[in-house]
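Presented below is the structure to which this report refers.
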Amino acid sequence: MDRRDFLKAATFAAMGSMLGKGLAGGLSAFGQVDKANILVAYFSWSGNTRGIARQIQQQTGRDIFEIVPVKPYSTNYNTCLDEALRDQRGQARPPLKNLGENIGKYDVIFIGYPNWWASIPMPVAAFLESYDFSGKMLVPFCSHGGGRLGQSVAAIAKLCPNSTILEALSVHYSGGSSLPGDITAWLGRISLL
Ligand SMILES: Cc1cc2nc3c(=O)[nH]c(=O)nc-3n(C[C@H](O)[C@H](O)[C@H](O)COP(=O)(O)O)c2cc1C
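Take the sequence shown: its position 116, counted from the start at 1, is 116 in this note's numbering, and no numbers get skipped.
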């Protein structure tokens, strides 16, 4: 995606942004997590979040799960912008293709998404509402075009009020060559490496 297109198409810069921190700092209060109970779940439209998810998976060795809506968003950027805005305004919950029964077994769920209109894409909301994540730890990571996390962490906290949200990672587009190191540092900070 062309960055100028994105900047032209929307007024994201004006939208609120949160600090690059989640609602909790790390796992010290929870003790050691069994690493078999960690999942990397993500939604990606143009591939950047997928690349970040794969890098997290590579570094943690954990299971990975792609959130896929039954009806894909348009591959045309401007049409996708419109569809995403329509879904966000209507707080749509697009049906998902591949909900697995075993998602509920994980204690720590990385949840990755592109910043869409300064928040989470609605398939991510649909995913989060499909399971009971009470008492679980959610670890957001977000690919963005300048708006960083936007309101996305607040949106996740609202959907999952009984989950603990660890420090979120925001990544500019694909993250470039510093991505592996940035992820290593972040995983270290949240004690998940
Ligand atoms: C529908 C849509 C809405 C977007 N809204 C924002 C936004 O509000 N703020 C922002 O910084 N980037 C925004 N972007 C840019 C994406 O967050 C960015 O391109 C991201 O890297 C895409 O990740 P993906 O390749 O995993 O889909 C938007 C992109 C699309 C397609």
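Heads up, the beta-carbon is just placed ideally off N, CA and C, and yes, glycines get one too.
Unbroken beta strand (DSSP E) run spanning residue i, endpoints
| i | result |
| --- | --- |
| Ile156 | Run containing Ile156: none in the beta strand (DSSP E); it sits in the alpha helix (DSSP H), Ser152 to Leu159. |
| Val124 | Taken as a continuous stretch (DSSP letters only), Val124 belongs to no beta strand (DSSP E), being part of the alpha helix (DSSP H) at Met122 to Glu129. |
| Leu85 | Leu85 -> not in any beta strand (DSSP E); alpha helix (DSSP H) instead, spanning Tyr77 to Arg89. |
| Leu169 | Leu169 to His172 |
Short CB-CB distance (under 7 Å) between residue i and chain C
| i | result |
| --- | --- |
| Gly135 | Among the chains in the structure shown there is no chain C, since it carries only a single protein chain. |
Opening and closing residue of the alpha helix (DSSP H) in which residue i lies
| i | result |
| --- | --- |
| Ile183 | Leu179 to Arg189 |
| Ile56 | Asn48 to Thr60 |
Cβ-based neighbour list, residue i, same chain, cut-off 6 Å, excluding 5 preceding and 5 following
| i | result |
| --- | --- |
| Phe133 | Cys160 and Ser163 |
| Trp116 | Ala84 |
| Asp63 | Leu39 |
8 Å CB neighbourhood of residue i in its chain, flanking five on each side removed
| i | result |
| --- | --- |
| Phe30 | For Phe30, the predicted structure reports a pLDDT of 43, less than 50, and the residue's modelled location is therefore unreliable. The matter cannot be settled from this model. |
| Ala125 | Gln91, Arg93, Ala155 and Leu159 |
| Pro95 | Pro69, Val70, Lys71 and Ala126 |
| Leu187 | Ile56, Gln59, Thr60 and Leu193 |
| Ser130 | Leu96, Leu99 and Ile103 |
| Asp107 | Val33, Asp34, Asn37, Ile38, Lys136 and Met137 |
| His144 | Pro114, Asn115, Gly150, Ser170, Val171, His172 and Tyr173 |
Residues sharing a beta bridge with residue i, DSSP
| i | result |
| --- | --- |
| Trp116 | Ser119 |
| Glu66 | Tyr42 |
| Thr164 | Met137 |
| Leu96 | Pro69 |
Cutoff 7 Å; reference residue i; Cβ partners in own chain excluding five residues on either side
| i | result |
| --- | --- |
| Ile120 | Tyr113, Ser152, Ala155 and Ile156 |
Checklist entry - Does the segment 67-77 come close enough to the segment 138-152 to have 3 or more Cβ pairs within less than 8 Å? => result no
Checklist entry - Any chance the segment 173-193 sits against the segment 46-60, with 3 or more Cβ pairs inside 8 Å? => result yes
Checklist entry - Is the segment 180-189 touching the segment 52-59, taking contact as three or more C-beta pairs under 8 Å? => result yes
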